[in-house]
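Protein chains in written order, with the working numbering: chain U, 1 to 85; chain Z, 86 to 643.
Read the structure below first, then the notes.
Structure (structure tokens):
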């Protein structure tokens, strides 16, 4: 197996680990398990935990995918595995 | 013009658009019929995926549910969006690279086994069929309330429309109709929300107005909390601490279930490249997020409005919409203390107002006194949501039959033309069958939807993930995992759902997990069983390891 390809796959797995940790923390952490503690703080008219659960987590989800797309497109090019036109 | 005429006009125009699009996008080959030729633009696919995904439940029921649940409603909001992160990062690009037509295709090839394909096929059929019956019911209800036709006629009109464009256009017709349906439904959902947000908070963006202040200068959510407490309800934004484990499991079951639903996954087979599959998931979630971040705002506005307009109001002074909904039986008033006023309170003994949660979205524009055309628009939006999801599901059903069962299992030597014909016939049969089931929906439709998500999470999700990320996963492991996961989830749901004939009571829930959340546990069991079994059975053949390698890279060097 080509060493380069192995490295590409490992980098991909590292990206996934980082992005999915963020995914886990905002939704299950801020939005559920720690929502009550976060509710002591206000974000405008929102209690913070409530905002994460009903708004913030969803915004973060969208951002995560677009960050992933950017990272992977760069990675594909760097390792010359991107699809040619 | 009154609401009824507006509704006929707007619904009629949208239906004409769908039919026009379908004629323009007729499918000529099986590849066009199954995956729209594989040439759909990522943004168009994003819109189609969003329409495919957002069903009658998202459009009509979700905001109402949240309105009565407060904070806890977040399980639907996060659960039905968070799965797209998993789809984009863990499934879509690899399945696109694999490049076949269906989920059973992947399971069958990756696990080099006809049995595995058959297990996947049965799960796909079951999940899609239970789901589609619910959509047909949504169509019937929307027609019955607003177009003054009876429920049966409503379902029949729905069948007719879907039949036309699904049979003719296959995935190609469905994709482009879904793009149109997305535009209709998102417009229909946001317009009333913008009006109401502006009316109540002075801010036209619902996502911001929701956290803004009302005319008195107090924060809307604070006012709502106070009103709720006054009437004996819990604070709207308060976390229900006793229920956190269950909320965690339900959210997870919905997320992993989303990522395992065949009609969603198959959408990523329709774009030209791996790169497109990734970005297309991003567009899909962005489009879905528009509705999903507006819905909780609508929920809070509706709740506040409802309490303000109804509480302590004299019954002979109620607005016209109240009487209209009362006639449908979805809203009820019983003057228990005989004072002629409506008491809406948490205490069931004293409460005099009963409200079906499903009417919140439909009644909201009327409660806020918006013009008649807005009400009509909401009806067209609800129909678009139900029809687009139904079409996507019906396609999965027909593909499963003509491709996975007929071509790959029973009659491998069938010609391209024969397979296309079989696909058209099976989608026609599926449409009619779903319609008939929708005419006499079993009373437990809502319950089986929980089952659909549980099954998708506990069957497909682990099998696909392991197939991509674990080269050592073999057919023995994957099949045992799927079967054990599905059996566990099904038994638990049947046992604890009295509507399905089970004898269990909530006291018996394992770790307090209700049937809606048990798919998460089923999924974990599937993962563990698959990993253990695969390590003690025959290793994966070399050719399969190479297939997995191929899937992992968008392009191997030559």
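All C-beta atoms, glycine included, are put in the ideal place defined by N, C-alpha and C.
Since the model is a prediction, treat every value here as computed from it, not as a measurement.
Item to check | Within chain Z, partners of residue 61/U - CB distance below 7 angstroms | outcome: The residue labelled residue 61/U in the question sits at position 61 within the first chain. The contacting residues are 166, 167, 169, 170, 370.
Checklist entry - In three-state DSSP terms, what is residue 250/Z? => result Walking along the second chain from the start, residue 250/Z turns up at place 165. Residue 250/Z: helix per DSSP, three-state reduction.
Checklist entry - When you check each C-beta in the segment 300-330 of chain Z against every C-beta of chain U, which residues fall closer than 8 angstroms? => result 304, 305, 306, 307, 322, 323, 324, 326, 329
Next on the checklist: Suppose you measure from the CA of residue 575/Z to the CA of residue 641/Z; what does that come to, to the nearest Å?
Outcome noted: Within the second chain, residue 575/Z is the residue found at index 490, counting from 1. Within the second chain, residue 641/Z is the residue found at index 556, counting from 1. If I take the Cα positions, the gap works out to 41 angstroms.
Checklist entry - With a CB to CB cut of under 7 angstroms and the five nearest residues on each side skipped, what residues in its chain are close to residue 357/Z? => result By 1-based counting over the second chain, the position of residue 357/Z is 272. Result list for residue 357/Z: 123, 124, in chain order.
Next on the checklist: Could you pull the DSSP bridge partners for residue 42/U from this structure?
Outcome noted: Sequence index remark: in the first chain, residue 42/U carries index 42 (1-based). 47/U, per the DSSP bridge assignment.
Item to check | Which residues DSSP lists as bridging residue 399/Z, in chain order | outcome: On the second chain, residue 399/Z is found 314 positions in, with the first residue counted as 1. Paired residues: 426/Z.
Next on the checklist: Under 8 angstroms: do the segment 73-81 of chain U and the segment 213-233 of chain Z share three or more Cβ pairs, one atom per stretch?
Outcome noted: no
Checklist entry - So, are the CB atoms of residue 614/Z and residue 571/Z less than 8 angstroms apart? => result Looking up residue 614/Z in the second chain gives position 529. Looking up residue 571/Z in the second chain gives position 486. For residue 614/Z and residue 571/Z, no; Cβs fall outside 8 angstroms.
Checklist entry - How would you write the range of the alpha helix (DSSP H) that residue 150/Z sits in, first residue to last? => result Indexing the second chain from 1 puts residue 150/Z at position 65. Note, residue 150/Z: alpha helix (DSSP H), 147-154.
Checklist entry - Between the beta-carbon of residue 427/Z and the beta-carbon of residue 438/Z, is there less than 8 angstroms? => result The residue labelled residue 427/Z in the question sits at position 342 within the second chain. The residue labelled residue 438/Z in the question sits at position 353 within the second chain. The answer is yes: Cβ separation under 8 angstroms.
Item to check | Residues of the segment 344-374 of chain Z with Cβ closer than 8 angstroms to any Cβ of chain U, in chain order | outcome: 358, 359, 360, 363, 364, 366, 367, 370, 371, 374
Checklist entry - Of the residues 294/Z, 245/Z, 353/Z, which one's Cα is nearest the Cα of residue 520/Z? => result Position 435 of the second chain holds residue 520/Z. Ranking the options by Cα distance to residue 520/Z, first place goes to 245/Z.
Checklist entry - Taking C-alpha atoms, which residue in 547/Z, 220/Z, 378/Z lies nearest to residue 151/Z? => result Within the second chain, residue 151/Z is the residue found at index 66, counting from 1. Residue 151/Z has its Cα closest to that of 378/Z, out of 547/Z, 220/Z, 378/Z.
Next on the checklist: Could you compute how far the alpha carbon of residue 384/Z sits from the alpha carbon of residue 249/Z?
Outcome noted: Residue mapping note: residue 384/Z aligns to position 299 of the second chain, counting from 1. Residue mapping note: residue 249/Z aligns to position 164 of the second chain, counting from 1. Each residue's alpha carbon lies about 35 angstroms from the other.
Item to check | Simplified DSSP state of residue 304/Z, which is helix, strand or coil | outcome: The residue you call residue 304/Z lines up with position 219 of the second chain. The answer is strand: DSSP assigns residue 304/Z an E or B state.
Item to check | Residue-chain proximity (residue 381/Z, chain U), Cβ-Cβ < 8 angstroms | outcome: The count along the second chain starts at 1 and reaches residue 381/Z at position 296. At least one chain U Cβ lies under 8 angstroms of residue 381/Z.
Checklist entry - Is the shortest distance between the beta-carbon of residue 336/Z and the beta-carbons of chain U less than 8 angstroms? => result To locate residue 336/Z, count along the second chain from 1; it is residue 251. So, interface residue.
Checklist entry - Since residue 171/Z is in the alpha helix (DSSP H), which residue starts that stretch and which ends it? => result Locating residue 171/Z in the second chain gives position 86, where the first residue counts as 1. Element bounds for residue 171/Z: 159-171.
Checklist entry - Under the rule that 16 or more other beta-carbon atoms within 10 Å means buried, what is residue 134/Z, buried or exposed? => result Mapped onto the second chain, residue 134/Z falls at position 49. The residue is buried, with at least 16 neighbouring Cβ atoms inside 10 Å.
Checklist entry - Residues in its own chain within less than 7 angstroms of residue 4/U by CB, not counting five upstream and five downstream? => result Walking along the first chain from the start, residue 4/U turns up at place 4. Result list for residue 4/U: 79, in chain order.
Checklist entry - So is the beta-carbon of residue 243/Z under 7 angstroms away from any non-hydrogen atom of the ligand NAP? => result For the ligand NAP, the structure offers nothing, since it holds no ligand at all.
Item to check | contact_flag[the segment 206-213 of chain Z, the segment 451-466 of chain Z] where n(CB pairs < 8 angstroms) is 3 or more | outcome: no
Item to check | Residue nearest to residue 505/Z in terms of C-alpha spacing, selected from 243/Z, 491/Z, 593/Z | outcome: Your numbering for residue 505/Z matches position 420 in the second chain. Here the closest residue by C-alpha is 491/Z.
Checklist entry - For residue 417/Z, which of helix, strand or coil comes out of DSSP? => result Here residue 417/Z refers to the residue found at position 332 of the second chain. It is a strand residue.
Checklist entry - Under a CB-based cut-off of 8 angstroms, is residue 29/U close to chain Z? => result Within the first chain, the letter at position 29 stands for residue 29/U. Answer no: the Cβ-Cβ gap between residue 29/U and chain Z never drops below 8 angstroms.
Next on the checklist: Between residue 316/Z and residue 430/Z, how many whole angstroms is the CB-CB distance? I'm expecting something under 8 angstroms.
Outcome noted: What you label residue 316/Z is simply residue 231 of the second chain in a count that begins at 1. What you label residue 430/Z is simply residue 345 of the second chain in a count that begins at 1. Between residue 430/Z and residue 316/Z the Cβ distance is about 5 angstroms, and since that is below 8 angstroms, they are a contact.
Item to check | Anticipated Cβ contact below 8 angstroms, residue 360/Z with residue 83/U, distance rounded | outcome: The residue given as residue 360/Z occupies position 275 in the second chain. The residue given as residue 83/U occupies position 83 in the first chain. The Cβ separation is near 6 angstroms, so the contact holds.
Next on the checklist: Alpha carbons only, please: which of 580/Z, 592/Z, 612/Z, 597/Z is nearest the one belonging to residue 554/Z?
Outcome noted: One-based indexing of the second chain puts residue 554/Z at position 469. Checking every option, the nearest Cα to that of residue 554/Z belongs to 612/Z.
Item to check | Interface partners of residue 640/Z on chain U, CB under 9 angstroms | outcome: Reading the second chain from its first residue, position 555 is the one you call residue 640/Z. The answer, in chain order, is 76, 80, 81, 82, 83, 84.
Checklist entry - Residues bridged to residue 298/Z by DSSP? => result Residue 298/Z sits at position 213 when you count from the first residue of the second chain. Partner(s): 304/Z.
Next on the checklist: Looking at the secondary structure, which residues open and close the alpha helix (DSSP H) in which residue 439/Z lies?
Outcome noted: Taking the first residue of the second chain as position 1, residue 439/Z is located at position 354. Looking at the DSSP string, residue 439/Z is not in any alpha helix (DSSP H); the run it does join, the beta strand (DSSP E), is 438-440.
Item to check | Pairwise C-alpha distance: residue 237/Z and residue 254/Z | outcome: Position 169 of the second chain, counting from 1, holds the residue named residue 254/Z. Position 152 of the second chain, counting from 1, holds the residue named residue 237/Z. Whole-angstrom Cα-Cα distance: 26 angstroms.
Checklist entry - Which of the residues in the segment 119-151 of chain Z, read from start to end, lie with their CB under 7 angstroms from any CB of chain U? => result none
Checklist entry - With 8 angstroms set as the bound, which would you pick, yes or no: does the beta-carbon of residue 20/U sit closer than that to a beta-carbon of chain Z? => result Taking the first chain and counting its residues from 1, one reaches residue 20/U at position 20. So yes, residue 20/U belongs to the interface.
Next on the checklist: Below 9 angstroms on C-beta distance, what does residue 55/U contact in chain Z?
Outcome noted: Mapped onto the first chain, residue 55/U falls at position 55. Near residue 55/U (Cβ distances below 9 angstroms), the residues of chain Z are 162, 292, 295, 296, 378, 381, 382.
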